[in-house]
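Participant: Right, I'll just put the structure down here and ask away after.
2 protein chains.
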Amino acid sequence: MAYKNLSFENVNINGGFWEEKQELLRDVTVKAVYNRFKETGRFDAFKCDKNSKIKPHIYWDSDVAKWIEGASYLIKKSPEPELEKIIDEVVCDIEKNQLPCGYFNSYYLTLEPNNIFTNRDQHELYCAGHLIESAIAYYEATGKKKFLELILKYVDYIEKRFKIDRDTPFATPGHEEIELALVRLYNLTGSKKHLDLARFFVCERGKNIKEGNFIDWADSKYSQSHDEPKNQHTAEGHSVRACYLYSAMADLALNDNDEELKVACESIFDDIVNHKMYITGGIGSTYLGEAFTVPYDLPSEGAYAESCASIALIFFAQRMLNLTGEKKYADVIERILYNGFLSTFSLDGKSFFYVNPLEIVPKNHTRHASVKNKDPLPPMTRFEVFECSCCPPNIVRFLGSLGSYIYTYDDMGIYLQQYINSEATFNIGGKEITLTQKTDYPKNGKISLTASEDVTVYVRVPEYLCGENTPTSGYIPLKLKANREQTIEFEIPTMLVSASEQVKDAFGKVALVRGPVVYCLEGHDNENELFGIYIDKSTTFRYGYNEKLNVPTIEVDAFVREKTGSLYAQFNDSYKKTKATLIPYYAFANRGENQMQVWTLVK
Amino acid sequence: MAYKNLSFENVNINGGFWEEKQELLRDVTVKAVYNRFKETGRFDAFKCDKNSKIKPHIYWDSDVAKWIEGASYLIKKSPEPELEKIIDEVVCDIEKNQLPCGYFNSYYLTLEPNNIFTNRDQHELYCAGHLIESAIAYYEATGKKKFLELILKYVDYIEKRFKIDRDTPFATPGHEEIELALVRLYNLTGSKKHLDLARFFVCERGKNIKEGNFIDWADSKYSQSHDEPKNQHTAEGHSVRACYLYSAMADLALNDNDEELKVACESIFDDIVNHKMYITGGIGSTYLGEAFTVPYDLPSEGAYAESCASIALIFFAQRMLNLTGEKKYADVIERILYNGFLSTFSLDGKSFFYVNPLEIVPKNHTRHASVKNKDPLPPMTRFEVFECSCCPPNIVRFLGSLGSYIYTYDDMGIYLQQYINSEATFNIGGKEITLTQKTDYPKNGKISLTASEDVTVYVRVPEYLCGENTPTSGYIPLKLKANREQTIEFEIPTMLVSASEQVKDAFGKVALVRGPVVYCLEGHDNENELFGIYIDKSTTFRYGYNEKLNVPTIEVDAFVREKTGSLYAQFNDSYKKTKATLIPYYAFANRGENQMQVWTLVK
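Note that the protein sequences, when read in sequence, are chains W and G. Counted from 1, the first sequence has number 570 at position 564 by this note's numbering; the numbering is strictly sequential. Counted from 1, the second sequence has number 347 at position 341 by this note's numbering; the numbering is strictly sequential.
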């Protein structure tokens with residue numbers, strides 16, 4: 007029951023909630039990230055100047071490559087000569103500095119030319135993977151071949167060293183990424199060797215247990231090297247690395263009809279969404295190793311929930327959606343889109359979270375009265391750039407290709423996975439069909455569809471509406487007549503949601519959720535200490551609007567305990583009534599340092 | 007309104023709750039600590055053998071000194087030739103290795119003889135302070151003068167270097183202790199120079215702000231060097247260092263009638279008990295610097311609450327009690343005695359906590375699935391010895407001198423501060439009076455008193471009974487007739503206690519307290535996940551007994567939430583009834599690694 011995916015190339019997001027975000031990307035974010043990267047030397051690093059004062063870091067190539075990938079998506083949709091010029095310069099630098107064998111990595115060429123492919127933890131293959139993806143994207147956006155050709159040469163060199171000669175001290179990358187990049191390359195080139203190399207990197211992993219212990223403080227689970235991927239059934243280790251690997255596994259399962267990998271992917275995905283995912287769709291519960299931990303370990307203030315991990319989980323979910331045709335994967339994408347992904351960048355598009363906490367208690371940052379260095383975590387505001395700046399360009403490339411996540415299709419028709427105002431062009435059974443989706447979602451649940459031909463559109467029922475009356479598949483079939491608008495309207499319920507009683511930090515608490523959007527309390531909107539607020543379980547929901555933030559608000563009835571005078575006193579179960587105001591989680595931390603919480607007591 | 011303190015020398019604890027503990031001290035603990043110290047080389051370190059394989063640590067002298075002090079208290083009460091022999095050997099080693107100038111410190115003499123008194127953070131004056139206290143105790147126990155004489159010579163050398171020549175690069179100790187030891191020495195010798203040196207060390211502190219920044223990661227508050235002590239009004243920095251300083255300040259306030267120091271002490275004490283003290287009497291809310299933090303910052307799982315800090319707070323409270331005559335200080339001593347002090351050692355007397363958490367979640371220790379080194383904190387069981395082993399011998403010396411905390415007196419009569427079965431001898435207005443206190447407290451609140459002469463005994467009303475009908479002073483005067491027993495009986499109420507609504511980790515929760523004893527839940531006695539238990543606010547209390555632990559238990563009605571199947575689901579406010587069983591906090595962690603919590607949800 008596999009779906010085909012409709013690429014963003016064939017989808018224009020032209021209005022509504024997400025067009026605004028894409029406009030912000032084109033007008034502000036892509037340039038903001040470029041400027042920070044330029045200032046910090048990330049672009050000049052491609053010149054491989056040994057005399058430069060600024061020394062490249064091992065992951066800088068990947069930062070720039072992700073930015074190029076994102077910029078290419080913008081170029082693909084409409085010309086951006088300025089961005090193109092920047093990219094051409096990078097390509098020129100790569101051409102100049104690439105070794106005759108094909109190798110390119112600005113860090114190693116500049117600082118450690120004799121240590122190429124000697125250290126599994128040094129991100130060379132990870133950087134290579136991002137260079138592959140950016141070269142593909144730039145070629146597809148501009149038709150210019152040079153970048154792709156340079157990278158194809160590099161890929162041949164990687165194949166030679168790792169797969170043919172096998173003369174490197176490690177067999178697979180410490181940080182996955184190249185695996186899925188190679189499948190994507192295969193989809194472009196049709197060259198079997200690219201798919202084979204992807205499979206090689208996926209399937210060699212975990213064969214040599216010793217290889218897994220390449221980092222002092224972590225064990226082989228950290229890099230998903232504890233077993234062969236086909237035998238892995240739980241999500242383990244560094245959450246971004248993990249989801250890149252799982253994405254490649256799903257790719258291979260689809261391409262090669264590999265049932266073992268499919269079963270492993272299904273089981274890993276279920277482990278994530280049933281045990282290890284925040285209500286925001288964030289994953290990775292610990293700073294230590296930016297990693298998955300154990301089931302139900304979802305600390306709020308201590309959440310890691312890296313921005314890149316949210317994006318990586320979307321990659322994994324989309325592949326699983328295509329592989330299985332099961333709607334639950336699209337549900338998870340929606341959860342991440344409106345929460346854990348949107349939270350990663352500021353409303354002005356200029357600054358970014360690496361870590362996306364579910365609770366912020368500013369006082370905790372200054373509790374160590376006699377210690378000089380205050381706790382830096384969790385971050386209380388977004389930053390314009392960070393030393394390890396993998397997330398901002400990942401946001402750029404994901405948002406630039408958001409169109410790819412709206413529709414899938416097969417011979418039966420079109421599957422509408424996300425309610426996003428757009429115009430899409432399909433080729434189904436040799437026939438070109440244009441589909442127009444008009445919606446203000448998530449403001450309301452009205453979706454109007456018009457197709458240029460008769461076609462059945464299967465509309466996904468949102469996860470929060472699924473119940474006894476939902477079709478088994480979770481999709482409502484709409485038989486559209488050519489050029490005749492048809493409308494479907496979902497209720498957008500507001501509800502109090504609780505977590506499993508095994509989640510300690512959410513115990514006895516609720517999150518307020520409206521449709522797909524998780525809300526949170528911020529100190530700015532509430533005079534009471536947030537952790538002391540009880541939402542009234544019988545509250546009504548009063549909808550409002552925050553003009554400054556330009557986001558909806560919800561006011562609820564609440565209680566706080568009567569103040570006690572002393573530090574300890576006989577328990578007195580008395581409360582006073584109050585109100586609390588919530589904003590969408592994605593809009594938090596846009597007004598300076600501030601209390602915030604997603605999970606709130608209830609009574 | 008100052009009291010005189012009745013020393014343990016004149017008090018025999020002869021039955022009831024605390025005699026058991028003192029017997030355990032004499033039979034087990036003092037030897038257990040000796041054996042561990044001997045094994046680890048702490049005793050042999052006094053030989054200052056440069057060729058020894060084991061290198062002394064900078065605080066080892068203080069470990070042994072505290073043990074000697076405790077052993078001396080036992081010797082004082084009844085002969086212990088074996089302990090005396092051990093101590094005489096140590097004294098012999100000190101005599102052999104002491105420098106002609108009087109200096110003695112096993113670490114410096116063995117490893118860094120050229121760096122004496124050059125580094126404020128190296129605990130030399132702290133070790134000296136403990137040597138002073140142990141020499142006094144040993145002299146008072148045995149009448150043997152040698153140890154005291156050696157130490158008096160050392161004190162003269164310290165006076166010369168720090169107060170007369172002032173040729174050391176720092177003026178006051180990085181870790182306080184010598185200040186109160188010198189006051190104690192003055193009380194023995196009557197020599198003004200000892201009191202003056204104590205005052206010197208107290209009052210020089212904070213005069214040179216630069217001196218406060220002797221540790222990279224901490225600021226001057228860490229060592230209470232941010233201002234002159236007379237200007238300090240909040241509890242700051244390393245909590246043990248702080249309370250040793252505050253104790254010395256109170257000593258000086260009493261000896262010199264120093265109103266400024268008295269006011270500072272009162273204000274600091276209030277800051278502790280109103281803002282910075284756990285319900286167990288523990289203090290120091292952070293591992294970072296083992297320090298006081300900010301008001302109401304009392305994390306449960308993250309509690310530090312060092313054993314030595316509990317003892318240090320008793321020292322401070324006792325001095326404040328004597329200085330002011332206010333009962334609230336005796337209340338705090340009682341709170342610590344039955345909770346934060348008793349929890350520091352195992353029921354078998356052989357192992358010890360350095361850190362006394364209010365919550366243990368074993369799962370959190372293994373949550374980092376892919377990280378090799380698991381979180382060591384908070385400790386889940388007591389240890390026989392630790393590298394920094396200041397606490398075990400501190401427990402020995404405190405418990406050995408527990409008799410000193412039961413009574414105070416003045417010309418008006420006797421003040422019964424703690425309900426501890428004992429026989430005490432007073433000299434009031436030249437008349438010797440023997441007072442017998444019979445009680446099973448805290449099992450029940452019945453106290454029977456018999457005195458050998460007519461005397462008024464002022465019995466402290468327990469903090470938890472104080473209300474409108476309590477005399478203003480908080481003491482009930484009992485006019486005893488010679489040799490006629492009189493009985494007073496306090497109710498021992500069981501109640502649910504809540505913390506200030508500003509304490510995040512206790513919010514919406516209660517602690518169960520019976521009389522002075524704080525109870526806790528342990529996993530062993532409860533099948534439900536502890537954090538998911540709600541105590542029924544209308545519960546009755548069913549009293550039981552745990553034969554294995556030999557401690558009382560209390561069973562309460564409780565609720566748990568109905569289990570939900572999925573990780574997130576619409577809030578459903580449904581519960582099922584259950585029961586929960588609590589044991590005294592002091593008995594926790596005596597059955598292996600285990601969940602534990604003091605603060606429990608309530609509804």
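All residues carry an ideal CB built from backbone N, CA and C; glycine is no exception. Owing to the predicted nature of the structure, the values given are computational and were not obtained by experimental measurement.
1) Which residues in chain G sit within 9 Å of N280 of chain W, going by Cβ to Cβ distance?
2) Run through chain G and tell me which residues come within less than 7 Å of A505 of chain W, C-beta to C-beta.
3) How is the beta strand (DSSP E) around K583 of chain G delimited, first residue to last?
4) If I'm right that R466 of chain W touches G480 of chain W with Cβ under 8 Å, what's the distance once you round it to whole angstroms?
5) Assign K83 of chain G to one of two classes, buried (16 or more other C-beta atoms within 10 Å of its C-beta) or exposed (fewer than that).
6) Distance cutoff 8 Å, beta carbons only. Does M283 of chain G sit that close to anything in chain W?
7) Relative to chain G, which residues along the region 521 to 539 of chain W have a C-beta separation below 9 Å, given in chain order?
8) What residues are listed by DSSP as bridge partners for E429 of chain W?
9) Can you give the beta carbon distance from V34 of chain W to D354 of chain W, rounded, assuming they're within the 8 Å contact cut?
10) Quick one: any contact between the region 151 to 158 of chain G and the region 286 to 299 of chain G, if contact means 3 or more CB pairs under 8 Å?
11) Could you name the residues of the same chain whose beta carbon sits closer than 8 Å to that of T330 of chain G, not counting the 5 residues immediately before and after it, in chain order?
12) Note down the Cα distance separating S313 of chain G from N362 of chain G, rounded to an integer number of angstroms.
13) May I have the straight-line CA-CA distance separating I74 of chain G from L194 of chain G, to the nearest angstrom?
14) For D276 of chain W, go through chain G and note every residue whose CB falls closer than 8 Å to its CB, in chain order.
15) Listing by chain order, which chain G residues have their CB less than 8 Å from the CB of D225 of chain W?
16) In chain W, which residues lie with their C-beta within 9 Å of the C-beta of K510 of chain G?
17) From the DSSP secondary-structure annotation, give me the bridge partner or partners of Q28 of chain W.
18) Hey, V604 of chain W and V524 of chain W are a contact pair by Cβ (cut 8 Å); roughly how many whole angstroms apart?
19) Measure from the alpha carbon of S58 of chain G to the alpha carbon of each residue in G:R32, G:C107, G:I93 and G:T116, then state which is nearest.
20) Give me the Cα-Cα distance between I498 of chain G and D446 of chain G, rounded to the nearest whole angstrom.
21) If distances are taken between C-alpha atoms only, which option among W:A248, W:R167 and W:T570 comes closest to H671 of chain W?
22) Considering only the beta carbon of each residue, do I184 of chain G and A134 of chain G sit closer than 8 Å?
23) Between the beta-carbon of V509 of chain G and the beta-carbon of Y302 of chain G, is there less than 8 Å?
24) Can you tell me the Cα-Cα spacing of T46 of chain G and C396 of chain G, whole angstroms?
25) Thinking C-beta only, is I164 of chain W closer than 8 Å to N427 of chain W?
26) For R597 of chain W, which residues of its own chain have a beta-carbon under 6 Å away from its beta-carbon, when the five flanking residues on both sides are left out?
27) Please list, in chain order, the residues of the region 234 to 251 of chain W that have any C-beta partner in chain G closer than 7 Å.
28) Taking the beta carbon of N370 of chain G as the centre, do at least 16 other beta carbons fall within 10 Å, making it buried, or is it exposed?
29) Starting from the N-terminal side, write out each stretch of the alpha helix (DSSP H) that is 4 residues or longer and does not extend beyond the region 49 to 137 of chain G.
30) I want to verify the contact list: residues of chain G whose CB lies under 8 Å from the CB of A297 of chain W, in sequence order.
31) Report the residue from G:L89, G:M386, G:K159 and G:A517 whose alpha carbon sits nearest the alpha carbon of Q576 of chain W.
32) Which of the three DSSP states, helix, strand or coil, is assigned to N41 of chain G?
33) Return the residue from the list G:G436, G:A259, G:L408 and G:I439 that minimises the CA-CA distance to P25 of chain G.
34) Given that R126 of chain W touches chain G, what residues does it touch there, using C-beta distances under 7 Å?
35) Can a CB atom of chain G be found closer than 8 Å to the CB of T292 of chain W?
36) Is G436 of chain G buried or exposed, if buried means 16 or more other CB atoms sit within 10 Å of its CB?
Facilitator: So, from the data block:
1) Neighbours of N280 of chain W on chain G, chain order: S572 and L573.
2) Result: L573 and Y574.
3) Run containing K583 of chain G: Y581 to P590, per the beta strand (DSSP E) assignment.
4) About 6 Å separates the beta carbon of R466 of chain W from that of G480 of chain W, a gap short enough to meet the 8 Å contact definition.
5) The residue in question, K83 of chain G, is buried, as its Cβ has 16 or more Cβ neighbours within 10 Å.
6) Closer than 8 Å to some Cβ of chain W, the Cβ of M283 of chain G qualifies, so yes.
7) Residues E535, F537 and G538.
8) Under DSSP, E429 of chain W takes part in a beta bridge, and its partners are W:N18 and W:T442.
9) At roughly 7 Å, the Cβ-Cβ gap stays under 8 Å, so V34 of chain W and D354 of chain W are in contact.
10) Look at the beta carbons and you see the region 151 to 158 of chain G not touching the region 286 to 299 of chain G: under three pairs across the two are nearer than 8 Å.
11) Taking C-beta separations shorter than 8 Å and ignoring five residues to either side along the sequence, the partners of T330 of chain G in its chain run M7, A8, K268 and E272, following chain order.
12) One C-alpha to the other measures close to 7 Å.
13) When rounded, the distance between both Cα atoms is 18 Å.
14) The premise fails here: D276 of chain W is roughly 11 Å from chain G at the closest Cβ pair, so nothing lies under 8 Å.
15) Under the 8 Å cutoff, chain G gives S376, V377 and K378.
16) Scanning chain W for C-beta atoms nearer than 9 Å to the C-beta of K510 of chain G yields V367, K369, N370, E535, F537 and G538, reported in chain order.
17) According to DSSP, Q28 of chain W bridges with nothing at all.
18) Contact between V604 of chain W and V524 of chain W is confirmed by a C-beta separation of about 6 Å, below the 8 Å threshold.
19) Checking every option, the nearest Cα to that of S58 of chain G belongs to G:T116.
20) Whole-angstrom Cα-Cα distance: 12 Å.
21) Any answer about residue 671 of chain W is impossible in this case: the structure gives chain W only from 7 up to 609.
22) Yes, these two residues count as a Cβ contact at 8 Å.
23) Their beta carbons are under 8 Å apart, which means V509 of chain G touches Y302 of chain G by this criterion.
24) Between T46 of chain G and C396 of chain G, the C-alpha separation is close to 14 Å.
25) Cβ atoms of N427 of chain W and I164 of chain W: not closer than 8 Å.
26) Result list for R597 of chain W: H530, in chain order.
27) Close to chain G, meaning a Cβ-Cβ distance shorter than 7 Å, are the following residues of the region 234 to 251 of chain W: E242 and G243.
28) Classification of N370 of chain G: buried, given that the 10 Å Cβ count is 16 or more.
29) For the region 49 to 137 of chain G, whole alpha helix (DSSP H) runs of length 4 or above, ordered along the chain, are 66 to 83, 87 to 103 and 112 to 117.
30) Under a criterion of Cβ atoms nearer than 8 Å, the residues of chain G adjacent to A297 of chain W are, in order, H374, A375, S376 and V377.
31) Among G:L89, G:M386, G:K159 and G:A517, the Cα nearest to that of Q576 of chain W belongs to G:A517.
32) Secondary structure at N41 of chain G: helix, using DSSP grouped into helix, strand and coil.
33) Strictly speaking, residue 25 of chain G in this sequence is Glu, with Pro absent from that position. It is G:L408 whose Cα lies nearest to the Cα of E25 of chain G.
34) By Cβ distance, chain G contributes nothing, its closest Cβ being about 15 Å from R126 of chain W, past 7 Å.
35) Using a Cβ-Cβ cut-off of 8 Å, T292 of chain W counts as an interface residue toward chain G, since at least one Cβ of chain G sits closer than that to its own.
36) G436 of chain G comes out exposed.
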